[in-house]
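Just below is one structure, and these are the notes that go with it.
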Amino acid sequence: MVAGGRAGEPFAPIADFGFLSDCETTALVAPSGNIEWMCLPKMDSPSVFGSILDRDAGYFRVGPAGVEVPAAQRYIPGTMVMETTWWVHGGWLVVTDALLMGPWHHETERSHTHRRAPTDYDADHVLLRMVRCVNGQVQVRLDCMPVFDYGQTPARWEHTGLGYHEAVARGNGINLRLSTDMNVGFEGPLATSRTLLKQGDARFVALSWSEHEPPATYEEAHDRLVWTVHHWQHWLDRGRFPDHPWRSHLQRSALTLKGLTYAPTGAVAAAATTSLPETPGGVRNWDYRYTWIRDSTMALWAFYTLGYDWEANDFFYFITDVAEAAEGNLQIMYGLDGRAELPESTLEHLSGYDNARPVRIGNEAYIQNQHDVWGAIIGSIYLFVRKRDRLDDRLWKIVVKQVEDALANWKTPDAGMWEVRGEPQHFTSSKVFCWVAAERGARLARIRGDMERASRWQQAADEIHADVLDNALDERGVFTAHYGATALDASSLLIPLLGFLPPEDKRVRDTVLAIADELSEDDLVLRYRAHETDDGFDSEEGTFTICSFWLVSALVMIGELERAKALCEKLLSYASHLQLYAEEIDPHSGRHLGNFPQAFTHLALINAVTQVIRAEEGEPPAPLA
């Protein structure tokens, strides 16, 4: 069922959007049938349709005339292809939306963007919208109004071909080609069409932006849609999913993560959007269309656990690419193409989602010092190597640089994994990740046969471990946000997940239960309490869904299985009608907040659900690294 906002709201609730992907670009579909967010030619490019951030920033709607609210929305099972069903007086209409996939295109010339090994399939660079009247008759309307460069350059349409079935709009280096079996006319920057469909009638609309040909007829469009459906179902069939009531959540999370993967490089975007607010009407609005090194360990764990070794390896190779390009001096995040500079700016001409300003592009956090980056990449290399039991010269060079950087910097303060914009602190989670770098580094050194480094790095890991135990516990024996603090932080839930202490340790148990009881709102976990942490802002925020799923995993590990199952079931009930998650959830209204869909949330879901199912089957918990 599609949830609705308050009557007359111009912006649909974040959770009500559908998510489309061809693994190069993405699109968000509002319940109204509007494509309200789409960036071309890739996910972190400027938007062409941006009305999710300003109602005048471009949209593309196909649906019944005069009716905005659909009867139902769903994904065709096992796919990234959406169906929206409409009821109007006199008839029923189904609109099917997909970003088309097709066979590998580059047989006679090499791709200019792909760095990973070619596969059998490729993005077609076509947004296809199919319309079918299943009963009665329905007046159908097509409205396509792109506004290039984040809503700054309106389209100028012109017909191509002999009739009224093809049109082109150019702007910001993008050529948009509209192809349809409806008759299209122009009203300024708007390409529009209206037609009456009777039972059994069907039409197609294709929007394309590359040299690859869009479908020219309904029959061809249907065949290419079927190819796309089968592609996603075959991809999902490669995975390993338990026969369990929660399997569909694992499958949708896997599809979402694949959809957030930029296939040419293997990078996984943190989210498809920018500046969807973490606080309604607030200023916690960030650009998440980049890839965070911090996400790598959990991403590899999730992909490997579900049987998607190819995707895990592609992301891993992306990480090693950027590490080599930077000569080992890793940033915390990169562009999807591997670019290092992500300068942050505000788009003053956009009003923001539901008037939440500023609207930001770029992310200044790329220049922050965050000490978790070394542990994340070493943990990822350890996961990769553990499946092969060999460590080649290329990886070993990266390992040595990252471990030595961790050991040179672990005693200094940083911005922490939450990227606070207040004063640097000695964050507990940062120290724990530096321990991961040294401890996993020592294991890798033993695999390599470098016993001198193995001994030295293990000694350093022991020193970091002792320092954390000496400085990061309060008088109750509970881990705090940073040295000298009394406040709790949800990142402490990673202590058992990363193996820093065994789950049966009293300090672990007390920390997990303290976070569950004291850092939660209606059972959902906050990152921290904003008034206790100097993060550079005065406003509050919602509960962080990733942290709530971390709590599920941690509860399993300390033996609180029934409590973990109850919380996991509650969290799964908060999923959108399409089983998607934004970054945060308002614990009082259940409304999703922040960028959408959020990769880290779906990664944590996979870990939590897997841990619960393993525990139900009597298997031991599986640490992240």
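The numbering of the sequence shown is the working numbering, which starts it at -7 and goes up by one. Virtual Cβ for every residue (Gly too), placed ideally from N, Cα, C. Since we're looking at a predicted model, the values are computed, not measured.
Quiz item: At what residues does the beta strand (DSSP E) containing I27 begin and finish?
Solution: Locating residue 27 in the sequence shown gives position 35, counting from the first residue. That run of the beta strand (DSSP E) goes 26 to 31.
Practice problem: Quick one: grab the DSSP three-state call for L553. | Solution: For this step, residue 553 is matched to residue 561 along the sequence shown. Here L553 sits in helix by DSSP.
Quiz item: Should the segment 11 to 20 be called in touch with the segment 253 to 272, which here means at least 3 C-beta pairs below 8 Å?
Solution: yes
Quiz item: Since D114 is in the beta strand (DSSP E), which residue starts that stretch and which ends it?
Solution: The residue labelled residue 114 in the question sits at position 122 within the sequence shown. D114 -> beta strand (DSSP E) spans 113 to 137.
Quiz item: What three-state label does DSSP hand R378 in the structure shown?
Solution: By one-based count along the sequence shown, residue 378 stands at place 386. Here R378 sits in helix by DSSP.
Practice problem: Measure how close the beta-carbons of L595 and D287 come, nearest whole angstrom, since I'm counting them as under 8 Å. | Solution: The residue given as residue 595 occupies position 603 in the sequence shown. The residue given as residue 287 occupies position 295 in the sequence shown. Contact flag correct, Cβ pair sits at about 7 Å.
Self-check item: V(-6) versus P62: straight-line alpha-carbon distance, rounded
Solution: Your numbering for residue -6 matches position 2 in the sequence shown. Your numbering for residue 62 matches position 70 in the sequence shown. For V(-6), the predicted structure reports a pLDDT of 38, less than 50, and the residue's modelled location is therefore unreliable. A value from the coordinates is still provided. Straight-line Cα distance between these residues: approximately 8 Å.
Quiz prompt | Where the alpha helix (DSSP H) through A4 begins and ends | solution = Locating residue 4 in the sequence shown gives position 12, counting from the first residue. Note, A4: premise wrong, no alpha helix (DSSP H); not H, not E.
Quiz item: What span of residues does the alpha helix (DSSP H) with D384 cover, start to end?
Solution: Taking the first residue of the sequence shown as 1, we reach residue 384 at position 392. Per DSSP, D384 is not a residue of any alpha helix (DSSP H), being assigned neither H nor E.
Quiz item: In this structure, does DSSP put A(-5) in helix, strand or coil?
Solution: As a working note, residue -5 is residue 3 in the sequence shown. Note that A(-5) scores a pLDDT of 37, beneath 50, so its modelled location is shaky; the value from the coordinates is reported in the next line. Three-state DSSP puts A(-5) in coil, outside helix and strand.
Quiz item: How about S13 and L91: are their beta carbons less than 8 Å apart?
Solution: In the sequence shown, counting from the first residue as 1, residue 13 sits at position 21. In the sequence shown, counting from the first residue as 1, residue 91 sits at position 99. Closer than 8 Å, so yes.
Quiz item: What residues are listed by DSSP as bridge partners for H584?
Solution: The residue you call residue 584 lines up with position 592 of the sequence shown. Per DSSP, I577.
Quiz item: Starting from E179 and walking both ways along the beta strand (DSSP E), at which residues does that stretch end?
Solution: By 1-based counting over the sequence shown, the position of residue 179 is 187. Counting along the chain, the unbroken beta strand (DSSP E) around E179 starts and ends at 177 to 179.
Exercise. Could you tell me the boundaries of the beta strand (DSSP E) in which N167 lies?
Key: Within the sequence shown, residue 167 is the residue found at index 175, counting from 1. Where N167 is concerned, the enclosing beta strand (DSSP E) stretches over 166 to 172.
Exercise. Taking the CB atoms as reference points, tell me whether Y113 and G42 lie closer together than 8 Å.
Key: Within the sequence shown, numbered from 1, the residue matching residue 113 stands at position 121. Within the sequence shown, numbered from 1, the residue matching residue 42 stands at position 50. For Y113 and G42, no; Cβs fall outside 8 Å.
Quiz item: Does the segment 311 to 330 come within contact of the segment 364 to 373, defined as at least 3 CB pairs closer than 8 Å?
Solution: yes
Exercise. Confirm, please, whether the CB-CB distance from I68 to E75 is below 8 Å.
Key: Along the sequence shown, one-based indexing puts residue 75 at 83. Along the sequence shown, one-based indexing puts residue 68 at 76. Contact flag set, yes.
Practice problem: Hey, could you find the ends of the beta strand (DSSP E) M93 is sitting in? | Solution: Counting from one through the sequence shown, the residue named residue 93 turns up at place 101. Element bounds for M93: 83 to 95.
Quiz prompt | CB contact flag (I550, V500, <8 Å) | solution = Locating residue 550 in the sequence shown gives position 558, where the first residue counts as 1. Locating residue 500 in the sequence shown gives position 508, where the first residue counts as 1. Yes, the Cβ-Cβ distance between I550 and V500 is below 8 Å.
Self-check item: Segment contact flag, the segment 452 to 466 with the segment 415 to 430, C-beta cutoff 8 Å, min 3 pairs
Solution: Yes: the two stretches touch, three or more of their Cβ pairs being nearer than 8 Å.
Self-check item: Start and end residues, beta strand (DSSP E) containing E75
Solution: On the sequence shown, residue 75 is found 83 positions in, with the first residue counted as 1. Start and end: 74 to 80.
Practice problem: Within the segment 340 to 365, note down every full alpha helix (DSSP H) run reaching 4 residues or more, in order along the chain. | Solution: none
Quiz item: At which residue ranges does the segment 468 to 501 contain complete alpha helix (DSSP H) runs of 4 or more residues, listed in the order of the chain?
Solution: Within the segment 468 to 501, the complete alpha helix (DSSP H) runs of at least 4 residues are 486 to 489.
Quiz item: Roughly how many whole angstroms lie between the Cα atoms of A400 and W449?
Solution: Your numbering for residue 400 matches position 408 in the sequence shown. Your numbering for residue 449 matches position 457 in the sequence shown. Just so you know, the alpha carbons of A400 and W449 end up roughly 12 Å apart.
Quiz prompt | Given E150 as reference, the closest of Y573, A183, N127, P138 once Cα atoms are compared | solution = Here residue 150 refers to the residue found at position 158 when the sequence shown is read from its first residue. Checked all of Y573, A183, N127, P138; the closest Cα to E150 is A183.
Quiz item: Is there contact here, the segment 487 to 502 with the segment 541 to 560, by at least three beta-carbon pairs under 8 Å?
Solution: yes
Quiz item: Who are the Cβ neighbours of G(-4) in its own chain at under 6 Å, not counting the five residues just before and after it?
Solution: Stepping through the sequence shown from its first residue, residue -4 is reached at position 4. Confidence is the limiting factor: at G(-4) the pLDDT is only 38, short of 50, which leaves the residue's position unreliable, though a coordinate-based value still follows. Cβ within range, chain order: n/a, list empty.
Exercise. Please classify T404: does DSSP put it in a helix, a strand, or coil?
Key: Here residue 404 is taken as the residue at index 412 of the sequence shown, counted from 1. If DSSP states are grouped into helix, strand and coil, T404 belongs with coil.
Quiz item: Are G258 and F307 close, meaning C-beta to C-beta below 8 Å?
Solution: Counting from one through the sequence shown, the residue named residue 258 turns up at place 266. Counting from one through the sequence shown, the residue named residue 307 turns up at place 315. Cβ distance < 8 Å, so G258 and F307 count as in contact.
Self-check item: Nearest candidate by alpha-carbon position, reference R133, set G153, H580, R195
Solution: Against the sequence shown, residue 133 aligns to sequence position 141. For R133, the closest C-alpha among the options G153, H580, R195 is that of R195.
Quiz prompt | Among A567, R124, T283, the one whose alpha carbon lies nearest that of A332 | solution = Within the sequence shown, numbered from 1, the residue matching residue 332 stands at position 340. Residue T283 is the option with its Cα nearest to A332.
Quiz prompt | Collapsed DSSP secondary structure at M409 in the structure displayed | solution = As a working note, residue 409 is residue 417 in the sequence shown. In this structure, M409 counts as coil in the three-state DSSP scheme.
Quiz item: Would the beta-carbon of L485 fall within 8 Å of that of V504?
Solution: One-based indexing of the sequence shown puts residue 485 at position 493. One-based indexing of the sequence shown puts residue 504 at position 512. Yes. Within cutoff.
Self-check item: Selected residue, minimal CA-CA separation from I370, among T152, N167, S37, V392
Solution: For this step, residue 370 is matched to residue 378 along the sequence shown. Nearest in C-alpha terms to I370, of all of T152, N167, S37, V392, is V392.
Quiz item: Considering only residues of the segment 416 to 474, which uninterrupted beta strand (DSSP E) runs meet the minimum length of 3 residues and lie entirely inside it, listed in chain order?
Solution: none
Practice problem: Mind checking which residues open and close the alpha helix (DSSP H) that includes S240? | Solution: As a working mapping, residue 240 is identified with position 248 in the sequence shown. From DSSP, the alpha helix (DSSP H) with S240 extends over 239 to 251.
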